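Top to bottom, those sequences are chains A and B.
Here the first sequence is numbered in the numbering used here, starting from 27 and rising by one per residue.
Here the second sequence is numbered in the numbering used here, starting from 27 and rising by one per residue.
Protein chains: 2
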Amino acid sequence: MLELRHLRTLIALQETGSVSLAAERVFLTQSALSHQLKQLEAYYQQPLFERKTQPLRFTLAGERLLTLAHELLGRVAAAERDVARIREGDAGELRVAVECHTCFDWLMPAMDSYRQHWPAVELDIVSGFHADPVSLLLTQRADLAIVSEMEAQAGVVHHPLFAYEMVGIVARDHPLAEKKIWQAADFAGETLIQYPVPDDMLDLWRKVLLPAGVNPPRRSSELTVAIIQLVASRRGVAALPYWAVRPYLEKGYVVARTIGDGGLRSELYAAVRSEDAPLAFMQDFLATVRERSFATLPGLTVLAG
Amino acid sequence: MLELRHLRTLIALQETGSVSLAAERVFLTQSALSHQLKQLEAYYQQPLFERKTQPLRFTLAGERLLTLAHELLGRVAAAERDVARIREGDAGELRVAVECHTCFDWLMPAMDSYRQHWPAVELDIVSGFHADPVSLLLTQRADLAIVSEMEAQAGVVHHPLFAYEMVGIVARDHPLAEKKIWQAADFAGETLIQYPVPDDMLDLWRKVLLPAGVNPPRRSSELTVAIIQLVASRRGVAALPYWAVRPYLEKGYVVARTIGDGGLRSELYAAVRSEDAPLAFMQDFLATVRERSFATLPGLTVLAG
DNA sequence: GATTTGAATTAATTATTTTCATGATTGGAC
DNA sequence: GTCCAATCATGAAAATAATTAATTCAAATC
Chain A
27 MLELRHLRTL
37 IALQETGSVS
47 LAAERVFLTQ
57 SALSHQLKQL
67 EAYYQQPLFE
77 RKTQPLRFTL
87 AGERLLTLAH
97 ELLGRVAAAE
107 RDVARIREGD
117 AGELRVAVEC
127 HTCFDWLMPA
137 MDSYRQHWPA
147 VELDIVSGFH
157 ADPVSLLLTQ
167 RADLAIVSEM
177 EAQAGVVHHP
187 LFAYEMVGIV
197 ARDHPLAEKK
207 IWQAADFAGE
217 TLIQYPVPDD
227 MLDLWRKVLL
237 PAGVNPPRRS
247 SELTVAIIQL
257 VASRRGVAAL
267 PYWAVRPYLE
277 KGYVVARTIG
287 DGGLRSELYA
297 AVRSEDAPLA
307 FMQDFLATVR
317 ERSFATLPGL
327 TVLAG
Chain B
27 MLELRHLRTL
37 IALQETGSVS
47 LAAERVFLTQ
57 SALSHQLKQL
67 EAYYQQPLFE
77 RKTQPLRFTL
87 AGERLLTLAH
97 ELLGRVAAAE
107 RDVARIREGD
117 AGELRVAVEC
127 HTCFDWLMPA
137 MDSYRQHWPA
147 VELDIVSGFH
157 ADPVSLLLTQ
167 RADLAIVSEM
177 EAQAGVVHHP
187 LFAYEMVGIV
197 ARDHPLAEKK
207 IWQAADFAGE
217 TLIQYPVPDD
227 MLDLWRKVLL
237 PAGVNPPRRS
247 SELTVAIIQL
257 VASRRGVAAL
267 PYWAVRPYLE
277 KGYVVARTIG
287 DGGLRSELYA
297 AVRSEDAPLA
307 FMQDFLATVR
317 ERSFATLPGL
327 TVLAG
């Protein structure tokens, strides 16, 4: 018999394009999902998708159930929001502290969606760069902070959002474009183009360059497009999230390369005060960010608690 | 985490007004449902309904989830119909043989709903009274027969529809109105008002009067209202399904009494040819009849396969 | 042709659901 | 009031379902 679980699986399948990635997305093993899908296809006595292709393709029946999934899950979320509001009311204050430039790429659509659902919550952005964004929470100057590490701190809990890969980008005719994988040493002698933030907020610096003792010259820009432009003009190299540069890769302005063996993985967490963590309007903000981000950004991976 | 199962439970709760009856409706024990509801209320951290009242009353949160249930389950049914049609096509022939007068009360709304969903199925009624309606199936003159007993027959399968209570009705000032429970002997000396059908098609005859050797005089009418009218005019007594007479009971035209200890229980089955049983348009007809009947007729009980 | 990657399969394990047996609570009937 | 019947709740056991581990299979890639 059909359950919501099956519909959540179908959406994960659609968003990831493969059984194994979908499994990770719904926090199950590939095997578990294979069983679940087999059961579902047996129930409807017909295949729901073709596994031979990459990404997988849904059959007519699969498409129909996928449509159902989208119809239903939105309504479930709406109903559960209402139920939570019946318990806790609909108002609240949510000042978000952000310190990464690219974060706005996913934060804007998520906040947009959230605002619709929680019109009575005072939503605000506390932007800027602080030595310790978590201190903004404890001093009541922000209610939620987006951070890239899960530093234990009394009175604060960290909720994992998602993980993604940082890629190195360079002009197509630059010598480094020849190398599939860049190591720390490859950055020596290159100009590194970056956002104007302290070094220790850059994953590339903290995880790659600093440990290797490499310290290339820098240039900085506030805007992602400007960074891309400088890189395309052979002014230097940069490291940016894959999802931030994909549009430019597709247009061929620059090429992307893996940084370090296995790639440079970045993570994002939302830190909130412990007492705020269980609040419905807070929980739903996290759920919205995750849901919207996975649905719109390519190449995200889940981040376990 | 919310699943469709929970929503099906909520609808059963609404339709039956009690946990035990809802449990029967969804083919679980009362205990199982009690656990399920406890889990659901723990998940939402608030009560979903008040159990003290009869019928039970939903809380605001419960109401909201109930609304969700109605939104979702209709869409699920529609999607599953589409999926079945992708497999088997949307056409078919469905000639329904009916031999009980009151059956039209539930058959009409069900067929109405069904026609909308399966416009390409040729739906027809084969009315009239045959010694053996099942023979209509085997001679290809009907595709589905509504019967009141599950007589084993090669090539034919019986699907349970529902069960209900037959009540005795009589004028308010008639002496029999004084008796809470009528026994076979009480019918001796009364005129029995019935539909113009052979005796062995009447549950009252087969299960009560014939075994006791009681054979009261008869009068017959085609229409339920006419039978009620005759009873109210003290022309005799009748036995009719509870759901068929409830509107008249509420208006006080007649009163209803239990027949035999524990009441006279009637059952309805749909008989179809074995080879037609798995067809989607046939399965959905059965599902529609059950769903519509339970949603609209009072006092139905489930009938196990 | 070896190697890698993704999905399927079987058996075992784990988690969840359901039931059984029983206890508590409530709302009449007398 | 007290008894009775009906309804719901509870804890432990049983049954069922979901999930994983380990492995195989199949296809694609080098």
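All C-beta atoms in this analysis are idealised placements derived from N, C-alpha and C, irrespective of residue type, glycine included.
Predicted model only: the values in this text are computed from it and were never measured.
Exercise. Quick one: is Ile112 (chain A) near chain B, going by C-beta distance under 8 Å?
Worked result: Yes, contact with chain B.
Comparing alpha-carbon positions, which option in B:Phe75, B:Gly118, B:Met176, B:Leu290 lies nearest Leu418 (chain B)? One cannot answer for residue 418 (chain B) here, as it falls past the ends of chain B, which runs 27 to 331.
| query | Pro145 (chain B) to Asp138 (chain B), Cα distance in whole Å? | reply | Approximately 11 Å, taken between the alpha carbons.
Within the stretch 128 to 210 of chain B, ranges of the alpha helix (DSSP H) (whole runs, at least 4 residues) = Listed in chain order, the complete alpha helix (DSSP H) runs (minimum 4 residues) inside the stretch 128 to 210 of chain B are 129 to 143, 159 to 164.
- prompt: Which of the three DSSP states, helix, strand or coil, is assigned to Tyr295 (chain A)?
  reply: For Tyr295 (chain A), the secondary structure class from DSSP, reduced to helix, strand or coil, is strand.
Beta-carbon proximity list for Arg34 (chain A), same chain, < 8 Å, skipping 5 on both sides
Taken in chain order, the residues that qualify are Val52, Ala95, Leu99.
Just to confirm the assignment: which complete alpha helix (DSSP H) runs, minimum length 4, are found wholly within the stretch 260 to 306 of chain B?
Annotation note: the stretch 260 to 306 of chain B contains the following uninterrupted alpha helix (DSSP H) runs of length 4 or greater, listed N- to C-terminal: 268 to 277.
Query raised in the report: For Leu30 (chain B) versus Glu29 (chain A), is the C-beta distance shorter than 8 Å?
Result: Yes, they are a contact pair.
- The alpha helix (DSSP H) enclosing Glu50 (chain B), as first and last residue numbers: Note, Glu50 (chain B): alpha helix (DSSP H), 45 to 51.
Check your understanding: In chain B, what lies closer than 8 Å to Gln65 (chain A) by C-beta?
Key -> Chain B residues near Gln65 (chain A): none, gap ~15 Å exceeds 8 Å.
By the 10 Å Cβ neighbour count, where 16 or more other Cβ atoms means buried, how is Arg141 (chain B) classified, buried or exposed? A residue is called buried once 16 or more other Cβ atoms fall within 10 Å of its Cβ, and Arg141 (chain B), having fewer, is exposed.
With DSSP collapsed to three states, give me the class of Val122 (chain B). For Val122 (chain B), the three-state secondary structure derived from DSSP is strand.
Checklist entry - CB-CB under 8 Å to Leu305 (chain B), same chain, minus the five flanking residues each way: which ones, in chain order? => result Excluding residues within five positions, the ones whose Cβ falls inside 8 Å are Glu114, Gly118.
Which of the residues in the stretch 206 to 232 of chain B, read from start to end, lie with their CB under 8 Å from any CB of chain A? Shown here is that no member of the stretch 206 to 232 of chain B has a Cβ falling below 8 Å from a Cβ of chain A.
Taking only three categories from DSSP, how would you classify Ser60 (chain A)? Helix.
**Request:** State the Cα-Cα distance for the pair Leu275 (chain B) and Glu317 (chain A), rounded to the nearest angstrom.
**Result:** The C-alpha of Glu317 (chain A) is placed about 55 Å away from the C-alpha of Leu275 (chain B).
> Whose C-alpha, out of A:His32, A:Gly278, A:Thr42, A:Arg283, is nearest the C-alpha of Thr322 (chain A)?
Replying inline: Considering only alpha carbons, the answer is A:Thr42.
Helix, strand or coil at Arg28 (chain B) according to DSSP, with G and I counted as helix
Looking at the sequence provided, one finds Leu at residue 28 (chain B) rather than Arg. Correct three-state label for Leu28 (chain B): coil.
Requested in this report: Just the chain B side, please: which residues come within less than 9 Å of Gln40 (chain A) by C-beta, in chain order?
Outcome: In chain order: nothing, as chain B lies at least about 15 Å away.
* Please check the pair Ile207 (chain B) and Thr284 (chain B), which I expect to be a contact at CB under 8 Å, by giving their CB distance rounded to whole angstroms. => Right, their Cβ atoms sit about 5 Å apart.
Of all the CB atoms in chain B, is at least one closer than 8 Å to the CB of Ala105 (chain A)?
Closer than 8 Å to some Cβ of chain B, the Cβ of Ala105 (chain A) qualifies, so yes.
Cα separation between Ser57 (chain A) and Arg198 (chain A)? Computed Cα separation, rounded: 41 Å.
- When DSSP labels each residue in this structure, what does Gln220 (chain B) get in the three-state scheme? DSSP places Gln220 (chain B) in strand when its eight states are reduced to three.
Checklist entry - Which chain A residues are close to Leu236 (chain B), counting only those with a beta carbon under 8 Å from its beta carbon? => result Near Leu236 (chain B) there are no residues of chain A at all, since even the closest Cβ is about 42 Å away, more than 8 Å.
Going by beta carbon distance, what residues of the same chain come within less than 7 Å of Gly181 (chain A), once the five residues before and after it are set aside?
Annotation for Gly181 (chain A): Leu164, Arg299, Ser300 place their beta carbon closer than 7 Å to its own, counting only its chain and skipping 5 residues before and after.
Buried or exposed by the 16-neighbour rule on C-beta atoms within 10 Å, applied to Thr250 (chain B):
By the beta-carbon neighbour count (other beta carbons within 10 angstroms, threshold 16), Thr250 (chain B) is buried.
### Query
With distances taken between CB atoms, is the gap from Thr55 (chain A) to Ala48 (chain A) smaller than 8 Å?
Not closer than 8 Å, so no.
Taking Arg101 (chain B) as the query, report the chain A residues whose CB atoms sit under 7 Å from its CB, ordered along the chain.
The answer, in chain order, is Leu94, Glu97, Leu98.
Q: Answer with buried or exposed for Glu267 (chain B), where buried requires no fewer than 16 other C-beta atoms within 10 angstroms of its C-beta.
A: It should be pointed out that residue 267 (chain B) corresponds to Pro in this sequence rather than to Glu. Pro267 (chain B) is buried by the Cβ-count criterion.
key: Proximity below 8 Å, CB of Leu63 (chain A) to CB of Phe307 (chain A)   = No, they are not a contact pair.
If you draw a straight line from the alpha carbon of Phe188 (chain A) to that of Glu106 (chain A), how long is it in whole angstroms? Going from the Cα of Phe188 (chain A) to the Cα of Glu106 (chain A) covers about 23 Å.
message = Residues of the stretch 43 to 61 of chain B in Cβ contact with chain A at a cutoff of 9 Å, in chain order, please.
response = Taking 9 Å as the Cβ-Cβ cut-off, the stretch 43 to 61 of chain B has no residue approaching chain A.
Note to self: As a quick exercise: from B:Val196, B:Asp212, B:Leu133, B:Asp225, pick the residue whose alpha carbon is nearest that of His156 (chain B).
What the structure shows: Nearest of B:Val196, B:Asp212, B:Leu133, B:Asp225 to His156 (chain B), Cα basis: B:Asp225.
Thinking C-alpha only, which one of B:Ser44, B:Ala68, B:Leu66, B:Val102 is nearest Gln80 (chain B)? Of the candidates B:Ser44, B:Ala68, B:Leu66, B:Val102, the one whose C-alpha sits nearest the C-alpha of Gln80 (chain B) is B:Ser44.
Does any residue of chain B bring its CB to less than 8 Å from the CB of Val109 (chain A)? So yes, Val109 (chain A) belongs to the interface.
- Query: Hey, quick one: how far does the alpha helix (DSSP H) through Arg244 (chain A) stretch, first residue to last?
  - Reply: Here Arg244 (chain A) belongs to no alpha helix (DSSP H); instead the beta strand (DSSP E) covers 244 to 246.
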